[in-house]
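Trainee: Can you read through this structure? Questions will come right after.
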Amino acid sequence: MEWEISESYRAAKEAALHRKYDQSALFLRTALSLVERRLNSVLIDPNRDQLLKVKSVLKLNVERMNGIADVVSQMRQMASVATSSSPVDAPPSDPDVWPLPPLTKKTSVIPSPKSTTKKQIYSRVDNKTKKSSVGKSSYISAGGRSITKRANSLGRASMNELSEVISNEEGDSNSNEKGGNEKVFDDKGFDRELVEIIERDIMQKRPNIHWDDIAGLDEAKKLLKEAVILPSVMPNFFKGIRRPWRGVCMVGPPGTGKTMLAKAVATESQTTFFCVSSATLTSKYRGDSEKLVQLLFKMISPVARFYAPSTIFIDEIDSLCSRRGADNEHEASRRVKSELLTQMDGCSPDVSRVLVLAATNFPWDLDEALRRRLEKRIYIPLPDKTNRFQLLKLALTEVSIDEEVNLESVADSLDGYSGADITNVCREAAMMSMRVRIANLTAEEIKALTQEEVDLPITSNDFSQAIQNTSPSVSYSDVKKYEKWIHDFGAA
Numbered sequence: 001m002e003w004e005i006s007e008s009y010r011a012a013k014e015a016a017l018h019r020k021y022d023q024s025a026l027f028l029r030t031a032l033s034l035v036e037r038r039l040n041s042v043l044i045d046p047n048r049d050q051l052l053k054v055k056s057v058l059k060l061n062v063e064r065m066n067g068i069a070d071v072v073s074q075m076r077q078m079a080s081v082a083t084s085s086s087p088v089d090a091p092p093s094d095p096d097v098w099p100l101p102p103l104t105k106k107t108s109v110i111p112s113p114k115s116t117t118k119k120q121i122y123s124r125v126d127n128k129t130k131k132s133s134v135g136k137s138s139y140i141s142a143g144g145r146s147i148t149k150r151a152n153s154l155g156r157a158s159m160n161e162l163s164e165v166i167s168n169e170e171g172d173s174n175s176n177e178k179g180g181n182e183k184v185f186d187d188k189g190f191d192r193e194l195v196e197i198i199e200r201d202i203m204q205k206r207p208n209i210h211w212d213d214i215a216g217l218d219e220a221k222k223l224l225k226e227a228v229i230l231p232s233v234m235p236n237f238f239k240g241i242r243r244p245w246r247g248v249c250m251v252g253p254p255g256t257g258k259t260m261l262a263k264a265v266a267t268e269s270q271t272t273f274f275c276v277s278s279a280t281l282t283s284k285y286r287g288d289s290e291k292l293v294q295l296l297f298k299m300i301s302p303v304a305r306f307y308a309p310s311t312i313f314i315d316e317i318d319s320l321c322s323r324r325g326a327d328n329e330h331e332a333s334r335r336v337k338s339e340l341l342t343q344m345d346g347c348s349p350d351v352s353r354v355l356v357l358a359a360t361n362f363p364w365d366l367d368e369a370l371r372r373r374l375e376k377r378i379y380i381p382l383p384d385k386t387n388r389f390q391l392l393k394l395a396l397t398e399v400s401i402d403e404e405v406n407l408e409s410v411a412d413s414l415d416g417y418s419g420a421d422i423t424n425v426c427r428e429a430a431m432m433s434m435r436v437r438i439a440n441l442t443a444e445e446i447k448a449l450t451q452e453e454v455d456l457p458i459t460s461n462d463f464s465q466a467i468q469n470t471s472p473s474v475s476y477s478d479v480k481k482y483e484k485w486i487h488d489f490g491a492a
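Its first residue numbered 1, the sequence shown is counted upward by one per residue in the UniProt record's numbering.
See below:
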């Protein structure tokens, strides 16, 4: 019965969002009758106080929804009377067509202007209707069959979940007052769907990655702090020829921490983080990809200055801005590149702080014009011995290590491994004790094991076996190729 109450209440909310207030009132009355039946059938119930609270809230919502339905009905009657009384718009009479039956007047109580609760309900329903216009793929119809289908898809709801839903409903008025002060981007001249794509798929307000979460890479951190953080601390110094860098490109083998550095920049500088990839800018409609690029820079332009200060991170930029003029280049890809280059050059006089941060594993495929706009091109190399030791300590903070293990010798044996490879080695070594313990055991025996029996300290033998099972993902020839490109085109 609990899930029936919860599903009836949810169906009532969704019917109200679709402006079907009569159906919403019907679902609310159904939920109220179920609660009353539960209270009458079970005299001793640990959730009785909670059910009484639910009953009072449902009664209040039924009264409010009936009032809304009556007001909507009156407004429709007034509109129909005004339309039928107009001599200009009246349709010609046809003897073969029967007229519509007369409307029956419903007696209803018009809410007084002193009442503030119904005004809050009206604004709440309108706000939720606007917000639910996009993203609603299911339509709720009246009847017990639809409730049963929803219950099968959503699962059995508990009384705690129902109370949480009702408490959220009670606190909607306070949240609307707070949300009213929040700025909303003015999307005039742009497709609302494109704005929602950027705000949903590209924008990340809090990446929650800090400098301490990244082992080593001191030179890269120093340069990024100079490009992003220092201009906000010393705005009077970074002017004219000493303006902040508007574009930074991180070049290096896969798994060296380029994406984590970009997220740490956004976290430490407290800027809005836009993570762009080729997939997020691809659209099946002609011209939408260019509009997305234009809209992204519009949101951080000096005119709008809505999400500024901002950091635009373009991951795997070689897939988005490869060299133009190739034989297999598509026209749509060329238009996106041209729009991106235009917007990057156009945001240079922006007084608000905007950084275009890029990462690539194939720098030799970048377009020459883009390479010029990315003023700083830094190399993120494979970790040296000191950084490998720091990365081992950082990756093994949550597990226990045997006293005989010498992490410095382990770091020596990981020469040529990237940061991601070292993390995989640590994960593999941490799983060794569990694999040995559960060997030849059934599922019931494994379930009966305690945490202390499985979570054993990592030994030197575990590290040796993990290193033997994990090969480096970067070859020596690839490293030489990166070093040659940085020697020719680097700007650190």
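Glycine is no exception: its CB is placed at the ideal position from the N, C-alpha and C atoms.
According to DSSP, simplified to helix, strand and coil, what is V42?
Mentor: Residue state, collapsed to three classes: coil.
Trainee: Quick one: what does DSSP say T397 is sitting in, helix, strand or coil?
Mentor: Here T397 sits in coil by DSSP.
Trainee: Can you tell me whether I241 is buried or exposed, with buried defined as 16 or more other CB within 10 angstroms of its CB?
Mentor: When all chains shown are included, I241 counts as exposed.
Trainee: Does the segment 392-408 come close enough to the segment 359-373 to have 3 or more Cβ pairs within less than 8 Å?
Mentor: Contact between the segment 392-408 and the segment 359-373 is absent, because fewer than three Cβ pairs lie under 8 Å.
Trainee: Kindly identify the DSSP beta-bridge partner or partners of A31.
Mentor: Paired residues: none, contrary to the question.
Trainee: Using a Cβ distance threshold of 8 Å, determine whether the segment 337-345 contacts the segment 204-223, with at least three qualifying pairs required.
Mentor: Segments in contact, no.
Trainee: Could you give the distance in angstroms between the alpha-carbon of Q74 and the alpha-carbon of R19?
Mentor: Taking the straight line from one Cα to the other gives about 15 Å.
Trainee: For the segment 224-233 against the segment 264-274, do three or more pairs of beta-carbon atoms, one drawn from each stretch, fall closer than 8 Å, so that the two count as touching?
Mentor: Counting Cβ pairs under 8 Å, three or more are found: they touch.
Trainee: Measure the C-alpha to C-alpha separation of S41 and V35 and round it to an integer number of angstroms.
Mentor: Straight-line Cα distance between these residues: approximately 10 Å.
Trainee: How many angstroms separate the CA atom of R29 from the CA atom of Q50?
Mentor: One C-alpha to the other measures close to 18 Å.
Trainee: What are the partner residues of G247, as DSSP defines its beta bridges?
Mentor: In the DSSP output, where bridge partners are listed per residue, G247 has V356.
Trainee: Specify, as a first and last residue, the run of the beta strand (DSSP E) that S310 falls within.
Mentor: From DSSP, the beta strand (DSSP E) with S310 extends over S310 to D315.
Trainee: From which residue to which residue does the alpha helix (DSSP H) around V276 run?
Mentor: Element bounds for V276: not the alpha helix (DSSP H) but the beta strand (DSSP E), T272 to V276.
Trainee: Around the C-beta of R10, are 16 or more other C-beta atoms found within 10 angstroms, so that it is buried, or is it exposed?
Mentor: That one is buried.
Trainee: Whole angstroms are fine: how far does the CA of Y21 sit from the CA of R286?
Mentor: Roughly 40 Å between the two C-alpha positions.
Trainee: Given this structure, state the Cα-to-Cα distance separating F27 from I197, to the nearest angstrom.
Mentor: Answer to the nearest angstrom: the Cα atoms are 34 Å apart.
Trainee: To the nearest whole angstrom, what separates the beta carbons of Y379 and V251, a pair I think is in contact under 8 Å?
Mentor: Going by Cβ atoms, the distance from Y379 to V251 rounds to 6 Å, so yes, they are a contact pair.
Trainee: Can you give me the C-alpha to C-alpha distance between S8 and Q390, rounded to a whole angstrom?
Mentor: Answer to the nearest angstrom: the Cα atoms are 55 Å apart.
Trainee: Helix, strand or coil for L341, going by three-state DSSP, please let me know.
Mentor: Here L341 sits in helix by DSSP.
Trainee: Leaving out five residues before and five after T256 in sequence, what residues of the same chain have Cβ atoms less than 6 Å from its Cβ?
Mentor: For T256, where only same-chain residues beyond five positions count, the Cβ hits under 6 Å are I380, S418 and G419.
Trainee: Return the Cβ separation of E428 and N469 in integer angstroms, given the expectation that the two are a contact with Cβ distance under 8 Å.
Mentor: Yes, E428 and N469 are in contact; Cβ-Cβ is about 6 Å, under 8 Å.
Trainee: For A491, which residues does DSSP report across the bridge?
Mentor: DSSP output for A491 lists R377 as bridge partner(s).
Trainee: Using the rule of at least 16 other Cβ atoms within 10 Å of the residue's Cβ for burial, across every protein chain shown, is D488 buried or exposed?
Mentor: It counts as exposed.
Trainee: Taking the alpha-carbon positions, what's the M65 to A25 distance?
Mentor: So the alpha carbons of these two residues sit roughly 6 Å apart.
Trainee: Based on the DSSP output, what are the partners of S322 in its beta bridges?
Mentor: S322 pairs with L366.
Trainee: In chain order, what residues of the same chain have a beta carbon less than 8 Å from the beta carbon of E316, not counting five sequence neighbours either side?
Mentor: If we look at E316 and ignore the five residues flanking it on each side, its Cβ neighbours are S277, S278, A359, T360 and N361.
Trainee: Are V228 and V195 touching if we call contact CB-CB under 8 Å?
Mentor: No; because the gap between Cβ atoms is not below 8 Å, this pair is not in contact.
Trainee: Between the alpha carbons of A12 and V72, how many angstroms are there, rounded?
Mentor: Those two C-alpha atoms are separated by around 17 Å.
Trainee: Suppose you measure from the CA of T280 to the CA of E2; what does that come to, to the nearest Å?
Mentor: Each residue's Cα considered, the two are about 41 Å apart.
Trainee: Indicate the three-state DSSP secondary structure (helix, strand or coil) for I202 in the structure shown.
Mentor: If DSSP states are grouped into helix, strand and coil, I202 belongs with the helices.
Trainee: Count the other C-beta atoms from every protein chain shown that fall within 10 angstroms of the C-beta of M78, then say buried if there are 16 or more, exposed otherwise.
Mentor: With fewer than 16 Cβ atoms within 10 Å of its Cβ, M78 is classed as exposed.
Trainee: Can you tell me which residues form a DSSP beta bridge with I458?
Mentor: I401, per the DSSP bridge assignment.
Trainee: Mapping DSSP to helix, strand and coil, what is N127?
Mentor: In this prediction, N127 has a pLDDT of 49, which is less than 50 and means its spatial position is unreliable; what the coordinates show is noted afterwards. Here N127 sits in helix by DSSP.
Trainee: Applying the criterion that 16 or more other CB atoms from any shown protein chain within 10 Å of the CB defines a buried residue, is A439 buried or exposed?
Mentor: Exposed is the call here.
Trainee: Pull up the distance between the alpha-carbon of L382 and that of W364, whole angstroms please.
Mentor: Roughly 19 Å separates the two Cα atoms.
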